[in-house]
Structures are given as C-alpha cells and as structure tokens.
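One structure below.
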Amino acid sequence: MQGQHGYINMPNAEVGPDGMFSTGYSYDSPYGNFWVTSTLLPFLQITGRYVSITGIPGFTYVPGQYGSEYGRYKDKVADVKVRLLQENTWLPSVAVGSTDLLGTELFTGKYIVATKTFGSARNLEASVGYGFKRPEGLFAGLRWVPLAAPQWAVVAEYDANDYSKDYLADRTFAGKRSKGPAVGLEYRWGWLGAQVARHRGHFSANAYLSIPFSEREFIPKLYEPVPYKAKKVAGQVPIAAWRDAGHGDELVEALVQQDFRNVRVELDGRSLKVSLTNNRIANMGRAVGRAVRTALAFAPEGTRAIHVTYTKVEQPVATYEFFDLGRLTDYLSGLVDREYFLQTVLVRYSSPADKVDSDRDGLLASIADEGSGLAVQVGRDGNMVQVVSEDREANRFKIVPKIGFFFNDPSGALRYEIAAAVNYDKRLSEGTYLNTAFRLSLLENISGVTQPSNSLLPHVRTDIAEYKRASRLKVNRLLINKYMMLDERVYARASAGFYEEMYRGIGGQVLYFPKDSRWAADLTVDALQQRGFKGWFDKRDYKTVTALGAMHYKLPYDITATARAGRFLAKDKGVRMEFKRRFQSGTEIGVWFTKTNGKDITSPGSPSDPYNDKGIFLSVPLNIMLPADSQVTAGFALAPWTRDVGQMVASPGDLYDLMEQPRRDLTTYDGLGNFAERRDEQGRAAVNPPVRAMTSPWPAFRWRLEQSVSTTPTLPQWANGTMLAGGAILGGALLDKPVDRFMKKHAGSRVTEAWDKAGKAMPAVLVGAAAGAVAFGDARMQNIGIISLESVVGAAALSMATKRLVGRARPHEELGRWSRASKRSDASFPSNHSAVAFAAVTPFAQEYDAPWLYGLATAGSLGRSAGRQHWVSDVVAGGVLGYAVGSWLWQAQRDNPRSHFAVSPGPKSLSVAWSGSY
523 MQGQHGYINM
533 PNAEVGPDGM
543 FSTGYSYDSP
553 YGNFWVTSTL
563 LPFLQITGRY
573 VSITGIPGFT
583 YVPGQYGSEY
593 GRYKDKVADV
603 KVRLLQENTW
613 LPSVAVGSTD
623 LLGTELFTGK
633 YIVATKTFGS
643 ARNLEASVGY
653 GFKRPEGLFA
663 GLRWVPLAAP
673 QWAVVAEYDA
683 NDYSKDYLAD
693 RTFAGKRSKG
703 PAVGLEYRWG
713 WLGAQVARHR
723 GHFSANAYLS
733 IPFSEREFIP
743 KLYEPVPYKA
753 KKVAGQVPIA
763 AWRDAGHGDE
773 LVEALVQQDF
783 RNVRVELDGR
793 SLKVSLTNNR
803 IANMGRAVGR
813 AVRTALAFAP
823 EGTRAIHVTY
833 TKVEQPVATY
843 EFFDLGRLTD
853 YLSGLVDREY
863 FLQTVLVRYS
873 SPADKVDSDR
883 DGLLASIADE
893 GSGLAVQVGR
903 DGNMVQVVSE
913 DREANRFKIV
923 PKIGFFFNDP
933 SGALRYEIAA
943 AVNYDKRLSE
953 GTYLNTAFRL
963 SLLENISGVT
973 QPSNSLLPHV
983 RTDIAEYKRA
993 SRLKVNRLLI
1003 NKYMMLDERV
1013 YARASAGFYE
1023 EMYRGIGGQV
1033 LYFPKDSRWA
1043 ADLTVDALQQ
1053 RGFKGWFDKR
1063 DYKTVTALGA
1073 MHYKLPYDIT
1083 ATARAGRFLA
1093 KDKGVRMEFK
1103 RRFQSGTEIG
1113 VWFTKTNGKD
1123 ITSPGSPSDP
1133 YNDKGIFLSV
1143 PLNIMLPADS
1153 QVTAGFALAP
1163 WTRDVGQMVA
1173 SPGDLYDLME
1183 QPRRDLTTYD
1193 GLGNFAERRD
1203 EQGRAAVNPP
1213 VRAMTSPWPA
1223 FRWRLEQSVS
1233 TTPTLPQWAN
1243 GTMLAGGAIL
1253 GGALLDKPVD
1263 RFMKKHAGSR
1273 VTEAWDKAGK
1283 AMPAVLVGAA
1293 AGAVAFGDAR
1303 MQNIGIISLE
1313 SVVGAAALSM
1323 ATKRLVGRAR
1333 PHEELGRWSR
1343 ASKRSDASFP
1353 SNHSAVAFAA
1363 VTPFAQEYDA
1373 PWLYGLATAG
1383 SLGRSAGRQH
1393 WVSDVVAGGV
1403 LGYAVGSWLW
1413 QAQRDNPRSH
1423 FAVSPGPKSL
1433 SVAWSGSY
C-alpha cells in the first residue's frame, strides 16, 4: 500500500532488483496513495507518495470559496529503506527504514525488519520487525507463493500502525481502525501487479506497474536499418581520379541517408578524413562503426587510413583513427577478434586540428538536400504524431503536441496544459545556430490560479499563471547560439535572445573535460531580463545576472554528483546539489536540493525556517521502448512550480548535457562500444558495459593497516623522536608569555583578527585539498591524499585524547599557562588545528619534496595563538604530533601495490605500460 517492498502495510527487508522502477495507486481507507518507488542502488529503495485523506478538506468544501476546488487534504511523503545485510544460507536479510522524511512529517516513523525465505523453492517468506511511531511496536509478515501458480501469492501481516494517532484521525475512518491482522491476495503478470486485502472491517486495494530499468531495452529493434552494404558501390578508383569521379559526393550522400548530419569529407594524402554527427543512433561507437563501413565502401584505391571525428553542434568530441583497412574489413566481417583489431585503432579526445574544412575539396557543393520536405511521422521519437523536416545540415522544422501537468495548487489540485510546439533550428554558419520555439496553447487551466504569491523574493517564477493567462500563442525561444572548441576538451557557448517563456538575455558557458573521465567543470554566466506576460517582445522591469559554477563527478554505480554554486535567478546566493543514477537502459533518476540565502516564507516555509528548493526528476531514453534506435528522451520532474528561491533560467544549450553521453561512450572500456554490431560480441563488457559497483574497501584497508604496523618506529626511534619533540615544545614554552602579551596588546586589530580566522579555516582547507587529491588526482596523488586523510584522523584522535589528559587552560581564560581548564574537552594542549594541519601537509611535503607546505601549516596554526586560543607551545606540540603521524603513515604506505610501471623489451619493439586501479 505504501509503495515499498513488503506485505500490505508492513515492510519487509527486501528492496527489489537494482534499477526496478514501480508506480501505482492504492486505497486503504481513509488514505489514497499515488506512489512511485525506485531501487536506486542494490541496497537502497526510495519512495515518493502523494497521499490524499478522505474526510478532510484541503482548504474548504464550501462552494465558491478559495480552495473549494482543491478537494481532499493532500500531502507529499518521501520514504527510504536501506538493506544492511543480504540474506544467506543461515542469516536473514536486515533493513532499516524511515517514512515521511521531509515536509509536514504527518506519517513519520522508523523501523528495523528482518526477512528470511524458506523451502527448496524459496516460496515461503517471513518477516519480523520493530517500529517507532509508524509502525509502532512489533510487526510481522508472511508471503506464500504456490508452486503450481507462481503468479499468485497469499500474504498476511500484523499491522502495527496506531491509526488513532494519525492526523485528524477523529474526523476520518482512521479513528475507527486499530492494530491487528490482515490478509491479502496478490497477482502478478509481467510488469503488472495487483493486491486485494481484508482488514478489520474493510478492504484495501493496490495496483501497480513495475519497469526494470536495469534491462537495456524492452522492444527488439525490428525496424532498425541495416548497416551500409559495400556491394552497392562500384570498384575503387585511384586517388587522383576520386574527386573527379564524384565518389566524394556519393560518400556524403550515403552518410546523410543514414541519418548522419554535418558531414565533412577530406582527403589528406592517403588518409580519408570524415567529420560528422548522428542525431538518431544512441551509442557513439555504433554510429562511428556505420560511418566507417560506408567510408570503406567509397574510399579511393591506395587509402592507408580512415579518420572519423564525431561532433556535437559541429564541435569535435572524439576521433577514431584506423590504420589497417584490411584488418578493419576483416573485423567488420567477423573474421578476426576485437583484441587483434584494436592493435590498429586509436581512440582519443579530439583537438581543434581534427576539424575537417567545411568544403575544402568542394564535395558538398553539388549535393542537393533530398527528403527535406515536410513529413508526417506516426510513432517516431516517442511522439504519437509529428510533422518534421530535416536536411543534411540538421536544419530542422518540427511540430509536436505537448502536455504538462501541475499539482497541488490550492485553487485546484490538478492543473494541465495541452499545446502544440513548433520548433525551427537553422544553421547560420559553422557552430552558429538559430533556435526558435513557438507554443500554441490549445487547452489549459493553469491560468485559473488566482492566489497571489506572498513570496518576499523577486517573483522570478511565482507569476507563471500570468504568463499562461496573457496569450495563447507566444514565442518561447528565439536564440542565436554560437558553439566553439577553444582547445582539446575545452568548449564554449555564447547565446543571445529569448531563453525561455519568462526570460531573455545574453550569456555564455565554458566547459572543461580533463583526461580523467571522472569529473568535469563548467561556468555559466547570463545577464537576464524578465519578459512580458504576452510572450512576444514585451518586457518587465526585473533584471539580474546569474553566475553558476558547476562541478560534475562520477561515482560508482554510474552516479553523477553535481554541485552548482553561485548566484541564482532571485539574486539569492548558495549551492544546488544534484545526484542522479544512470541505469543499464540509460534511464536516469535523480534528486536535487538547493540551499541559498533567499528567505522563501511561502508554505511550508516560514521566517524562522525558510523553504529550500528541492525535487526529483526522471529521464527515460525512448529507444528502449521503440523498434528503432533513437536519442530522444522523455523527461519528468516533480518539484514546486511556484517558488522563487534557488531557481535557474532554462539553459539555451547546456554544454555538459550535450557532451556527457559521447564522453561516456569514449571513456568506457576501449571506446568502440557496439562498433561492429556483431552478435558474437553482445556479451562483451565493452559492448554492453556492466554496472561499475563499489569495490570492497577491506583489502586496501587491510594492506594499509599491515604496512603501518610493520613500519611502526622502533624503541630507539621513539626515544630519539620524543627527545626532539620535547625540545621543540620546551622551546615553544619559552615564547608562551611574551607572544601572548603581544597578542593581548594588539587584540582586535585587523591583522590579528584576519590571522585568527585564517587559523580556524586552515585545517578545513587542507583537508579539503587532500580530499580533492583523492577525487581528482592521478594514482600517485590519490594514494598520498588517502595517506593525508588517514594522518588527519590519527593525529586528531591523539590530540583530543591528550587534551583530556593534560587539561591545560587556554590563554583567553586568563588563568595562567599552567592552570587547569574548566572544561577538559576544550583544553588548550595540544592544538588540534595545528595537529590536523601538519598531518594533512606532511605526506604531500615529503612525497613531492615541498617543504614550503610546512610554512603554510605553520602560518595558519600560529593564527590560533594570534586569536589567544592557544599558547605557542600548544601549537608546536600539535605540529609535532601531526608531523610524526603523517611521516609514519607516508613511510608505511607510499608504495601502493595497486599501481605499477613496467618496461618490456621485445625482438623488434619496446613496450611501456602503467596500470592502476581506482
């Protein structure tokens, strides 16, 4: 009933198969649940519910009054379940869960549950658990699946929910319900399922649809065009006669007929170079494979190599170089294996030099655009019907129906808009495009929203109803976009015009891809003005400049974490965090949360607890449900639609979104993907990549622990180190009084205050730098970053333990330097900031021979003395402690066996190899 795996109302410890997405509706009086559940990770299940309560009005049932059309009371609920232990032969699976995490928390609760299956067929399942609040106390469940009818199941449970404590239970049927047993009958057929259950005095029902997004496709590609056949082309001609014979024209035309666009062809000596893109085929390697087959068929006699550069908006992304055309032909024909073929292939990031001249050889001049007339397409690109025209330069005219839904407005729980969208995209010059979008509203009730917003922020989104009310036909987008490649893996975009329905302006974006495929960074700046309600050339007074820097980072399980920081639409400043999981099918499910200094007091926000923008989104590639390949995706987002805090303008053409998929294809295994479309290769990881799961940290942790123990300093080394440390601390003690008198005399000055703030921030900055080395560095730097973080933890633990033992008073307490602190946990000796700072920098200073890092740590640590938080001897002691721990762990773990360098001489070759793991 609640959407999560379980019985009727009680949960079990299962979270479902990885990638399973389910949605359904249940009714268990007085609650109606429209729910969506996803197993985002193999051990994590998240559910979103839209709950209505029969018997309670959302606002009022009095006709004519504001909110009377809203209907029943409704609440948004988010639940989460985490499986801690997976079932094995002897032990049950164990999970913990929490209900109604955010918002009003009307149904909040926590639980722990254990589940075990029995029988040789594992067709009997039993669970027992304990809950707090909802459910409350002990609960249990049972499921039996008859072997003769595996689609059916009988379920039973002890429902531990205390419904009498629910929201306004005395006014609903919940007040008449109590804890007790319930039984039910389930039926499943493919993706569909249903349940009917009997409780004390009433029935409940639940129907749902489950979609396994972990599967690559649901419908076979019955209508996918076959690769180009070489037999359609006459015999090869010499290079000198190739252009005159018109084969270059024929090559371009043959590629265009296969949905390739922006095709450029050039003969450079004995190398045939082709630059192109494909807006239909989802996998870049597969698209390049089809292009190479065609190039082979038309290549002139004597061609030594074929270079194919794949582009997006005419900017090179990836270049594939094939140096042995005979071996290439054999591989495409299935005569040689992939490993043998890869010896003659280079797959790399493109550079500006890989651009093929627009028409240096005059190959495009004589090619007419055929098939660019209007065509009515039914069931294409996920649209029921569309009118489309597209030519070889990706100039495109398209008319499609659009529908949008908006929930939870007080004047009506469901708002909708049905419209016709007219899009026209025109290539003006290389990398320069005119993008237009007109929208004709056919049927809508969004304009019926009459409640004025009480937002104290500039109304950057809350006036959406005014835009819907003003005009049925409007221009939503009228933009000039210029795309550029500044350098290898560096792209830029400049935009000017109407960005969206509500804003116009001028701006740009710069994107950087490092060779390390885990991260990318971009910066977007836009100067914007709010457009008028009519949606043409009218305007409003509000102007702003938005500036957002973004960092994108790849995590295990194909999770991408994105942090955007800067200035948002309402001039509020803050950070927006996004997390999305990509499944095997290409489907992406994600969430975002924004924290800014904007004070949004609209309900459920308040002056003391302002609202922060958040939401969830789903992106489904339609090629998994179509009989032919497609790059079209269907998007869905659930978020407040009349909020002003943390808002962003619609991007004119986000570079990261454009480049993310080609880059993923390029950096996955050998970068070729489904290049040859051979049946015997469909099980290869390079063709159908498996999920990159999180590896167990135990082996690496055990190695580091063993290395550290084996290199523990000997007794003479301890004695020598202790003497040196003691001498340094005593020397620092001589400076305690004079330094403190000086700092007390100059207390409150700008220099001492700034120094004190630097001292407070230094450890966090240095630890962040170490974490950055782990996240973004090469194998060597990652290892040193891990050692640095380990050193920080070790030094901090020793420092805090010593504080409690010594209990020295701080200078600002004015008790004297040998007095006892009033609070041992906040004692002065040693300085924890100093210990952490030196522990963080020591591994880097010793590995990279950078003694200046000690100066940085010293300057920051002495800021604690400048603020009279520590005596000089405290700082020295902390520094010695951090240095000692950092040096010890660096000596023990600097030689990481996970990576190695090797030189292997051969009879006629010399191989150099480096390997590492992440």
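Numbers 523 to 1440, taken from the numbering used here, label the letters of the sequence shown in order.
Virtual Cβ for every residue (Gly too), placed ideally from N, Cα, C.
Here the structure is a predicted model, which is why all the values come from computation and not from measurement.
- [ ] Return the chain-ordered ranges of every beta strand (DSSP E) run that is complete within the region 1078-1116 and spans a minimum of 3 residues.
- [x] If we require 3 residues or more, the beta strand (DSSP E) runs fully inside the region 1078-1116 come out as 1081-1089 and 1095-1104.
TODO: Look at the alpha carbon of D852 and the alpha carbon of F863, and state the distance between them as a whole number of angstroms.
DONE: If you take the alpha carbons of D852 and F863, they lie about 9 Å apart.
TODO: Tell me whether the beta-carbon of S1519 lies closer than 8 Å to the beta-carbon of K990.
DONE: Residue coverage of the chain in this structure runs from 523 to 1440, which leaves residue 1519 outside it and unanswerable.
Open item on the list: For P742 and A1198, I'd like the C-alpha separation in whole angstroms.
Closed with: In a straight line, the C-alpha of P742 is about 18 Å away from that of A1198.
Task: Contact under 8 Å by Cβ, S1356 with R1386 - done: Yes, the pair counts as a contact, with Cβ atoms nearer than the cut-off.
Open item on the list: So the candidates are P734, A535, G723 and N917; which of them puts its Cα closest to the Cα of G697?
Closed with: Checking every option, the nearest Cα to that of G697 belongs to G723.
Task: Cutoff 7 Å; reference T1244; Cβ partners in own chain excluding five residues on either side - done: Closer than 7 Å at the Cβ level, and outside the excluded window around T1244, lies no residue.
- [ ] Output the boundary residues of the alpha helix (DSSP H) element that contains S872.
- [x] It is not in any alpha helix (DSSP H) - S872 carries neither H nor E in the DSSP assignment.
- [ ] Compute the beta-carbon to beta-carbon distance between N784 and E737, rounded to the nearest angstrom, for a pair I have assumed lies under 8 Å.
- [x] Contact doesn't hold; Cβ gap of about 33 Å is too wide.
Open item on the list: Contact between the region 1005-1023 and the region 1163-1175 is defined here as three or more beta-carbon pairs at a separation below 8 Å; is this criterion met?
Closed with: Here the region 1005-1023 makes contact with the region 1163-1175; the two share three or more CB pairs at distances below 8 Å.
- [ ] Rounded to whole angstroms, what's the CA-CA distance from R1165 to S1230? Just pull it up for me.
- [x] So the alpha carbons of these two residues sit roughly 53 Å apart.
Task: Nearest neighbour of F919, chosen from K948, I925 and Y938 [CA to CA] - done: When each option's Cα is compared against that of F919, the closest is K948.
Task: Span of the beta strand (DSSP E) around Q1052 - done: Looking at the DSSP string, the run of the beta strand (DSSP E) that includes Q1052 is W1041 to R1053.
- [ ] Can you give me the Cβ contacts of D883 inside the same chain, cut-off strictly under 8 Å, excluding the 5 residues immediately before and after it?
- [x] Confidence at D883 is low in this model, with a pLDDT of 47, below 50, so its placement is unreliable and no value can be given for it.
Task: Helix, strand or coil at L1252 according to DSSP, with G and I counted as helix - done: Residue state, collapsed to three classes: helix.
TODO: Could you give the DSSP three-state label for V1315: helix, strand or coil?
DONE: Judged by DSSP in its simplified three-state form, V1315 adopts helix.
- [ ] Apply the 10 Å Cβ neighbour rule to H1074 and answer buried if 16 or more other Cβ atoms are within range, or exposed otherwise.
- [x] So H1074 ends up on the buried side.
Task: Sequence-distant residues of its chain with Cβ nearer than 8 Å to P747 (five each side left out) - done: The residues are Q780 and A1150.
- [ ] With DSSP collapsed to three states, give me the class of V1142.
- [x] Strand at V1142.
Task: Member of R826, T831, G1290 and L794 whose CA lies at the smallest distance from the CA of G807 - done: Here the closest residue by C-alpha is T831.
- [ ] Under the assumption that T958 contacts R999 (Cβ atoms under 8 Å), give the Cβ distance between them as a whole number of angstroms.
- [x] In this structure T958 touches R999 by the C-beta definition: roughly 6 Å separates them, less than 8 Å.
TODO: State whether the region 1275-1286 contacts the region 1369-1387, with contact taken as three or more CB pairs (one from each stretch) at a distance under 8 Å.
DONE: Flag = yes, the region 1275-1286 and the region 1369-1387 touch.
Task: Boundaries of the beta strand (DSSP E) in which K603 is found, first to last residue - done: Judged by DSSP secondary structure, K603 falls within the beta strand (DSSP E) whose first and last residues are R594 to L607.
Task: Helix, strand or coil at A887 according to DSSP, with G and I counted as helix - done: The predicted position of A887 is uncertain, since its pLDDT is 43 and thus under 50; a value taken from the coordinates is nonetheless stated next. It is coil, neither helix nor strand.
Task: Local conformation of S1341 per DSSP, three classes - done: The three-state secondary structure of S1341, taken from DSSP, is coil.
- [ ] Quick one: grab the DSSP three-state call for W1240.
- [x] Under the three-state reduction of DSSP output, W1240 falls in the helix class.
Task: Rounded distance between the beta-carbons of V982 and A1092, thought under 8 Å - done: Indeed they touch by this definition, with Cβ atoms about 5 Å apart.
- [ ] Compare the beta carbon distance of R1053 and M1024 with 8 Å and say whether it is the shorter of the two.
- [x] In contact: R1053 and M1024 (Cβ atoms closer than 8 Å).
TODO: State buried or exposed for G541, treating a residue as buried only when at least 16 other CB atoms are found within 10 Å of its CB.
DONE: Burial call: buried.
- [ ] Taking only the alpha-carbon atoms, compute the straight-line gap between Q1183 and N610 and give it to the nearest angstrom.
- [x] Near 38 Å, if we compare the C-alpha coordinates of N610 and Q1183.
Open item on the list: If distances are taken between C-alpha atoms only, which option among P657, T799 and S1341 comes closest to G1329?
Closed with: Answer by Cα proximity: S1341.
Task: Local conformation of K1259 per DSSP, three classes - done: When secondary structure is reduced to three states using DSSP, K1259 falls in the helix class.
Task: Sub-8 Å separation of A535 and S615 beta-carbons - done: Cβ atoms of A535 and S615: closer than 8 Å.
Open item on the list: I'd like to confirm the pairing. Which residues does DSSP put opposite H1074 in its beta bridges?
Closed with: H1074 is bridged to A1042 and T1084.
TODO: Work out the CA separation of A1406 and A1317 for me, nearest whole Å.
DONE: Inter-residue distance for A1317 and A1406 is about 9 Å (C-alpha atoms, whole angstroms).
Open item on the list: Does I925 pass the burial test, meaning 16 or more other C-beta atoms within 10 Å, or should it be called exposed?
Closed with: Exposed, since its Cβ has fewer than 16 Cβ neighbours within 10 Å.
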